[in-house]
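Using the working numbering, read the sequence shown as starting at 9 and increasing by one per residue.
C-beta atoms are modelled at their ideal positions from N, C-alpha and C, and glycine is treated no differently.
Notes follow once the structure below has been shown.
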Amino acid sequence: MKDNASRVIRHLSRSTKAALHLLGAEVSVMRKQKGWSEQELATRAGVSRASLRAVEKGEATVQVGIAFEVAITVGLPLFGGEDAMARQWQHETERLALLPQRMRARSAGQVNDDF
9 MKDNASRVIR HLSRSTKAAL HLLGAEVSVM RKQKGWSEQE LATRAGVSRA
59 SLRAVEKGEA TVQVGIAFEV AITVGLPLFG GEDAMARQWQ HETERLALLP
109 QRMRARSAGQ VNDDF
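Next up, the structure:
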């Protein structure tokens, strides 16, 4: 059985790559401003030093939960901070309640991804 970490990501948009690198740079800056070593932040976040390095490099293979935990541990506010995130989560939960539970597959026509 193949390990999930060995999967190759074939294509990422420029925006996705930029977001990964921005998150990594912000984590690195905040870690250094706090005077923390890589090992100290990794220990505080409960991740390996290799995972922390991958986050700071903006690697796409890092699990999103690990990247978020590292960011929050170093004090980087995600989605506007805890209060804003809680409000937004509540809002999105309410929106989801108004939408159908299942979506039907569209007819096998040409995909229109021009949005």
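Worksheet item: Exposed or buried, Glu-64, counting other C-beta atoms within 10 Å across all chains shown (16 or more means buried)?
Response: So Glu-64 counts as buried.
Item to complete: Give a yes or no on whether the C-beta atoms belonging to Leu-28 and Ala-53 are separated by under 9 Å.
Response: no
Worksheet item: If you count every other CB in all the chains shown that lies within 10 Å of the CB of Gln-109, and 16 or more means buried, which is it?
Response: Counting C-beta atoms within 10 angstroms of its own C-beta, Gln-109 has fewer than 16 neighbours from the protein chains shown and is therefore classed as exposed.
Fill in: Beta-carbon contacts of Gly-66 that lie in its chain and below 6 Å, excluding the five residues immediately before and after
Non-local C-beta neighbours of Gly-66 in its own chain, meaning closer than 6 Å and more than five positions away in sequence, comprise Leu-28, His-29 and Gly-32, ordered along the chain.
Fill in: Exposed unless 16 or more other CB atoms sit within 10 angstroms - verdict on Leu-60
buried
Worksheet item: Cα separation between Val-72 and Val-78?
Response: 10 Å
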